[in-house]
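Engineer: Questions regarding the structure given below will be posed in turn.
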Amino acid sequence: MLIKVGGGSAEGGQVGGIHWHMNIANEVTFVAADDKLQDILWVRMKGADGKVVEYTATNASLSPGEIEQASKRKMSCIDCHNRPTHIYLSPNQAVDDSLTANRLDTALPFIKMKAVEVLSKPYTTNDEAVNAIAAELNAYYQTNHPDVYASRLETVTAAVGEIQRIYQTYFFPEMKTNWATHVNNIGHYNAQGCFRCHDGQHFSKEGKVIRNECSICHSTIDQSFGGKTILAKDGAFQHPINLGDKNTWQCAACHKGDRTFKHPLDLGDISQFQCAECHKGNRGVPNF
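Be aware that the sequence shown starts at -13, since it is given in this note's numbering, and climbs by one per residue.
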């Protein structure tokens, strides 16, 4: 996947891509409903030609007077690059990184599920977390996989140490600080990020919308899933699971960072089905 980072200087050619927002000739101003700037109610874009377009979120009922009185912020680098350092990874991402680097043994049954689970629990102190992680993981493998625990105790012990390391690197309970308290606005995977504005729900009076098609920022060259290649279609990203009529959902609707997606209904033995086998068309109910 290529990211259309672009540039903000006309000297380098046509100005475009993500860094279009930082082109000094463009001025983007917005109103947020919260101090963390996660809920964007109104956006004003002033282009190099001086033309102004104002967009309002469909769920916002702002009068012209309220917009006039509202605290406005001119968009800057840190509205996207808000975590240039002090990076706090989510449990999902941190565990994936350890699996990729072979610091966690993928042969341990359900190691990712259990690692994410113990990392996501609330702890009041670092010592409490470290002790609880060791106790819970050892108890899990002793109870549910006694053969593995007996034959691969060193591997289980190493996994406990790695998961404790992850916690001590990215979680600070005494300071009440972790990935959820300091969201990362780059991208749109575990948080709204770009979708704070580019959600397809901010409209101008003329009906113009702040677009949210994948192809605005991404060009997909090739994809693979489960060892199989998925051919890119017109450069657009294809979700590895057929989402049916849910393919317009934003990533963070399912990707929560601290848990894998869990269907709101107990699907029983049909839980391995593709989403589109039930979710068809534009109906709000499954097609059973």
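All C-beta atoms in this analysis are idealised placements derived from N, C-alpha and C, irrespective of residue type, glycine included. Note that the coordinates shown come from a computational prediction; the quantities given were computed from them, not determined experimentally.
Can you name the start and end residues of the alpha helix (DSSP H) that MET(-13) belongs to?
Structural biologist: Careful: MET(-13) lies outside any alpha helix (DSSP H) and carries neither H nor E.
Engineer: Any idea if VAL(-9) is buried or exposed, counting beta-carbon neighbours within 10 angstroms, 16 or more meaning buried?
Structural biologist: Exposed, by the Cβ-count rule.
Engineer: Pull up the CB-CB distance for ASN171 and ASP65, whole angstroms please, since I reckon it's below 8 Å.
Structural biologist: Going by Cβ atoms, the distance from ASN171 to ASP65 rounds to 7 Å, so yes, they are a contact pair.
Engineer: Given a cut-off of 8 Å, decide if ASN164 and TYR109 are closer than it, judged by their beta-carbon atoms.
Structural biologist: No, the pair does not count as a contact, with Cβ atoms beyond the cut-off.
Engineer: Would you kindly report the start and end of the unbroken alpha helix (DSSP H) that includes LYS22?
Structural biologist: No alpha helix (DSSP H) contains LYS22, which DSSP labels as neither H nor E.
Engineer: Please state the DSSP three-state secondary structure of ALA118.
Structural biologist: Helix.
Engineer: Classify GLU114 as buried or exposed, calling it buried when 16 or more other Cβ atoms lie within 10 Å of its own Cβ.
Structural biologist: Exposed.
Engineer: Does CYS203 pass the burial test, meaning 16 or more other C-beta atoms within 10 Å, or should it be called exposed?
Structural biologist: Label assigned to CYS203: buried.
Engineer: Could you check what DSSP says for GLY230 in three-state terms: helix, strand or coil?
Structural biologist: Correct three-state label for GLY230: helix.
Engineer: For the alpha helix (DSSP H) containing ALA144, name the first residue and the last one.
Structural biologist: First-last of the alpha helix (DSSP H) with ALA144: 139 to 156.
Engineer: Could you give the distance in angstroms between the alpha-carbon of GLN209 and the alpha-carbon of HIS225?
Structural biologist: The straight-line gap from Cα to Cα measures roughly 9 Å.
Engineer: Please report how far the alpha carbon of LYS194 lies from the alpha carbon of GLU40, in whole angstroms.
Structural biologist: Those two C-alpha atoms are separated by around 9 Å.
Engineer: At the level of alpha carbons, what is the spacing between ALA120 and LEU94?
Structural biologist: Spanning the two alpha carbons is a distance of roughly 15 Å.
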